[in-house]
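> Starting off with a structure, shown below.
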Amino acid sequence: MAEEKKTTTAKKAVPKKTAAKKTTAKKAPAKKVAAKTTETKTVKKKAAAKTVTFRVKRGERWQEYDVAYDASTTVLSGLEQIKGDQDGSLTFRRSCRASICGSCGMKINDRSRLACKTKIKDMIEGMDHRNYQGRDVISIAPQGNQPVIKDLVVDITQLFNKVEAEEPYIKEGPERVEAKDKTAYEQVNAVSNCIMCGLCYSDCTELEVNDNFHGPAALAKAFRFVADPREGQKTDRLKKLSEKGGIWDCVRCGMCVDACPKGVAPMEAIGKLRHRAIEAGITNNRGAKHAIVFKDDIRNGGLLNEPMMLIKTTGLFGAIEQIPNALHLAKKGKVPSFFPEKIEGLDEVKRMFKVLEETELDVETKVLDEGPGAG
Amino acid sequence: MGLSKDLNYAYYPGCAAKQIQKEADWSARAIAEELGISLHDMPKATCCGAGNLQEHDPAAGLAVNARIFSQAEEMGMDIATICNTCLQTFSYANQRFKNEPELLADINEVLTAAGIRPYEGTIDVKHLAWVLVDDLGLDKVKQKVQNPLSGMKVAPFYGCHALRPFEVFAGRGGERPLYLDQLIQAIGGEVVDYQGKDKCCGFHVMLAGEEDFLSMSGGHALNAKNEGADVMVSPCTLCDMAMGAYQAKAEKKMGKKIGLPEMSISQLVGASLGLGKDRLGTDRLHQDPTAVFKKYGVEL
Chain A
24 MAEEKKTTTA KKAVPKKTAA KKTTAKKAPA KKVAAKTTET KTVKKKAAAK
74 TVTFRVKRGE RWQEYDVAYD ASTTVLSGLE QIKGDQDGSL TFRRSCRASI
124 CGSCGMKIND RSRLACKTKI KDMIEGMDHR NYQGRDVISI APQGNQPVIK
174 DLVVDITQLF NKVEAEEPYI KEGPERVEAK DKTAYEQVNA VSNCIMCGLC
224 YSDCTELEVN DNFHGPAALA KAFRFVADPR EGQKTDRLKK LSEKGGIWDC
274 VRCGMCVDAC PKGVAPMEAI GKLRHRAIEA GITNNRGAKH AIVFKDDIRN
324 GGLLNEPMML IKTTGLFGAI EQIPNALHLA KKGKVPSFFP EKIEGLDEVK
374 RMFKVLEETE LDVETKVLDE GPGAG
Chain B
251 MGLSKDLNYA YYPGCAAKQI QKEADWSARA IAEELGISLH DMPKATCCGA
301 GNLQEHDPAA GLAVNARIFS QAEEMGMDIA TICNTCLQTF SYANQRFKNE
351 PELLADINEV LTAAGIRPYE GTIDVKHLAW VLVDDLGLDK VKQKVQNPLS
401 GMKVAPFYGC HALRPFEVFA GRGGERPLYL DQLIQAIGGE VVDYQGKDKC
451 CGFHVMLAGE EDFLSMSGGH ALNAKNEGAD VMVSPCTLCD MAMGAYQAKA
501 EKKMGKKIGL PEMSISQLVG ASLGLGKDRL GTDRLHQDPT AVFKKYGVEL
């Protein structure tokens with residue numbers, strides 16, 4: 024999360040304020056930075072002069088509005104200008120203006136962002152650290168993967184239902200462990216900043232083709248409970264999560280990680296759930312089988328054995344189904360060998376895996392509890 | 251920073267390029283040779299784990315990667331790869347090793363106990379396409395062009411695992427990097443803009459959810475075709491497979507003709523350098539690009 028703060032603030036700003044901002048950007052809590060920006064806003068607004076065109080999607084058509092902005096004007100303030108001064112019929116959700124309530128998520132220049140956290144200036148001038156190229160006109164559309172109710176308001180029922188379906192509460196059961204200290208919550212902390220804004224749901228590439236996928240927000244929530252020491256039915260949860268639509272349907276595209284305004288990184292949580300599912304022995308599905316193949320192949324030969332991988336992942340029957348695919352690939356000479364070359368120094372790899380087996384290493388990323396309000 | 255000097259790189263093609271997508275490897279070696287980039291083999295390198303080993307056994311995933319990094323470090327070179335999934339897996343691990351000294355120490359303890367040289371955290375991991383743009387320079391590429399693409403309309407497909415999470419790619423990932431666009435323009439092509447450019451080819455659910463995979467790959471290819479693309483290029487052997495080799499399957503599933511030749515960026519750059527189909531392996535493409543090349547006067 025520290026990174027997330029850094030990246031949103033550390034970049035070339037207007038000359039005068041730069042120095043002050045840069046120093047606060049690294050260590051000062053987010054609150055202070057926020058206070059600073061509001062200050063600049065009021066001071067600068069009087070001198071504001073520039074305007075930008077907002078191209079807003081309203082049902083099937085796009086409507087353009089001119090919006091005045093300065094260095095600190097957010098897209099949300101721009102929309103409020105429109106609603107207040109130009110067109111009261113423009114409809115969008117908003118509440119806190121401080122990236123806490125999660126109401127104002129929308130697609131701004133093709134990616135889902137919180138309107139209150141997105142500065143107009145950044146959308147025009149670009150953001151180098153994200154390789155985001157600025158544009159003259161800002162396009163604003165409702166979130167994706169959900170039905171539109173009006174203008175920028177989408178029906179969030181699906182997202183909320185999917186989160187609810189994860190049974191987001193601690194359940195009694197035999198796997199409950201009493202937490203010894205704060206470190207027991209290092210994994211819970213990693214995902215509990217979710218504000219249900221739906222940005223990850225909106226940008227998820229798997230949801231674009233598969234409505235039944237639980238989606239990143241729900242799976243991050245599920246991880247929050249699987250990772251909680253007090254949860255009594257961890258394995259049961261992992262079993263359900265391993266079914267179709269669950270953790271193994273994620274394509275690992277990373278959209279959710281970059282979309283999340285709170286650094287929750289749902290894709291990482293999904294990876295951790297997959298790890299826990301395999302550890303718990305829930306491997307009777309193609310996703311888990313496929314993941315497991317790699318370890319044996321690396322240990323035994325160094326490289327992935329592609330034809331054997333297919334059979335081990337899909338089973339013999341599944342592999343027979345794959346024969347047309349194999350023949351199709353073979354048309355162009357793409358016939359992988361059942362005996363791929365072995366790497367040099369394989370003995371070294373075998374020794375390494377042996378050492379790993381004898382060593383208990385927890386290498387998962389963690390988020391420490393850093394005082395009141397953390398986690 | 252990094253270690254490489256005078257365009258020498260530890261070359262890591264990845265498992266797909268060694269087996270099914272051999273043409274990506276051939277063309278990468280061919281263009282490197284032509285452009286004066288030295289790719290050095292890593293005969294001791296294993297599979298990177300592709301994120302799968304990392305999910306199954308995270309510690310083993312990191313150890314496998316550290317062992318490969320250590321080999322490159324010993325060679326005194328950065329790693330250059332032609333597979334996005336290798337690129338992402340490595341970038342994730344390398345970023346952690348560079349920022350978490352305790353983690354690196356733990357993993358190095360494993361390596362040392364197995365008699366393997368520990369990793370000191372000094373190499374960079376790059377895509378060969380970045381090497382062309384950042385280290386060699388587009389001017390050098392331009393100078394070598396024999397068959398300019400003459401305005402051929404090329405749709406770049408960047409591939410998720412070279413984009414996200416943006417933090418792990420040292421400034422090269424993110425929402426809208428331009429290196430493929432720049433390469434396409436440098437060899438005389440015209441870049442086609444389309445919605446699917448930075449989306450997912452679906453490769454990683456090919457076996458677990460074939461329908462989803464085909465909807466993704468076919469959808470983006472069709473989208474690019476509809477925006478006027480003559481060809482599509484990707485920097486990733488897995489995207490190549492998804493968008494190219496499986497395109498006919500996607501057509502069947504969607505009930506629509508796509509007919510968009512797809513190839514690796516090395517093959518397209520190679521064609522512009524006049525390297526010929528034998529060295530570029532264009533005969534192995536399921537969507538034959540011959541007609542398109544002919545149309546724009548690019549000799550293969």
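Top line first, the protein sequences correspond to chains A and B.
Read left to right, the first sequence gives residues 24 to 398 (the working numbering).
Read left to right, the second sequence gives residues 251 to 550 (the working numbering).
Positions of the beta carbon are idealized from the N, C-alpha and C atoms, including for glycine.
Distance cutoff 8 Å, beta carbons only. Does L379 (chain A) sit that close to anything in chain B?
Yes, because at least one Cβ of chain B sits closer than 8 Å to the Cβ of L379 (chain A).
> Using a Cβ-Cβ cut-off of 7 Å (strictly less than) and excluding sequence neighbours within five positions of I179 (chain A), which residues of its own chain qualify?
Q169, G221
> Have a look at K263 (chain A) and S100 (chain A) and give me their C-alpha separation to the nearest angstrom.
43 Å
> Return the Cβ separation of I163 (chain A) and K80 (chain A) in integer angstroms, given the expectation that the two are a contact with Cβ distance under 8 Å.
7 Å
> Where D533 (chain B) and Q517 (chain B) are concerned, what is the direct C-alpha to C-alpha distance, given to the nearest angstrom?
D533 (chain B) and Q517 (chain B) have their C-alpha atoms roughly 11 Å apart.
> With distance defined between alpha-carbon atoms, name the residue in B:Q338, B:A498, B:D356, B:E359 nearest to P485 (chain B).
B:Q338
> Which whole runs of the alpha helix (DSSP H) in the segment 306-382 of chain A are 4 residues long or more, in chain order?
309-323, 329-344, 346-353, 369-381
> Can you give the Cα-Cα distance for V316 (chain A) and L382 (chain B), rounded to whole angstroms?
V316 (chain A) and L382 (chain B): Cα-Cα distance of roughly 34 Å.
> Quick one: is the Cβ of K447 (chain B) within less than 7 Å of any heavy atom of the ligand ATP?
With respect to the ligand ATP, the structure shown offers nothing to examine, as it has no ligands at all.
> Secondary structure at E103 (chain A), three-state DSSP: helix, strand or coil?
helix
> Would you mind giving the Cβ-Cβ distance between G424 (chain B) and N154 (chain A), rounded to the nearest angstrom? I have them listed as a contact below 8 Å.
3 Å
> Output needed for I147 (chain A): all residues of its chain with C-beta closer than 8 Å, excluding positions within five of it in sequence on either side, in chain order.
V75, G157, R158, D159, I161
> Quick one: what's got a C-beta closer than 8 Å to K73 (chain A)'s C-beta in the same chain, skipping five residues either side?
Contacts found: A91, Y92, D93.
> From A:T337, A:K335, A:R322, A:G310, pick the residue whose C-alpha is nearest to that of M375 (chain A); which is it?
By alpha-carbon distance to M375 (chain A), the top candidate from A:T337, A:K335, A:R322, A:G310 is A:R322.
> DSSP state of H377 (chain B), grouped into three classes?
strand
> Within the same chain, show all residues whose beta-carbon is closer than 7 Å to that of L333 (chain A), passing over the 5 residues directly before and after it, in chain order.
Close CB contacts of L333 (chain A) within its chain, under the 7 Å cut and outside five residues either way in sequence, are with A342, Q345 (chain order).
> Within 10 angstroms of the Cβ of S118 (chain A), are there 16 or more other Cβ atoms? Answer buried if so, exposed if not.
In summary, S118 (chain A) is exposed, with fewer than 16 beta-carbon neighbours lying within 10 Å of its beta-carbon over all protein chains present.
> Compute the distance between the beta-carbons of A245 (chain A) and Y224 (chain A), then report whether it is under 8 Å.
no
> Whole angstroms are fine: how far does the CA of G125 (chain A) sit from the CA of L175 (chain A)?
Whole-angstrom Cα-Cα distance: 14 Å.
> With DSSP as the reference, label R136 (chain A) as helix, strand or coil.
Note: R136 (chain A) maps to strand in three-state DSSP.
> Could you tell me which chain B residues have their CB closer than 9 Å to the CB of P363 (chain A), listed as they occur along the chain?
By Cβ distance, chain B contributes C265, K268, Q269.
> Please list the residues of the segment 458-470 of chain B that have a C-beta atom closer than 7 Å to any C-beta atom in chain A, keeping them in chain order.
A458, G459, D462, S465, M466
> Does the beta carbon of K55 (chain A) sit closer than 8 Å to a beta carbon anywhere in chain B?
Legend: pLDDT at K55 (chain A) = 42, less than 50; position of this residue unreliable, value from coordinates given subsequently. Taking Cβ atoms only, chain B never reaches closer than 8 Å to K55 (chain A), which makes this a no.
> Sort out for me which residues DSSP pairs P406 (chain B) with in a bridge.
B:V483
> Just the Cα atoms here: how many angstroms apart are R297 (chain A) and I270 (chain A)?
7 Å
> Counting beta carbon pairs with one atom in the segment 379-399 of chain B and one in the segment 378-397 of chain A, are three or more of them shorter than 8 Å?
Touching, no.
> Report the residues of the segment 290-308 of chain B with a CB closer than 8 Å to any CB of chain A, ordered along the chain.
Those would be P293, K294, A295, T296, C297, G299, A300, G301, N302, L303, Q304, E305, H306, D307, P308, in chain order.
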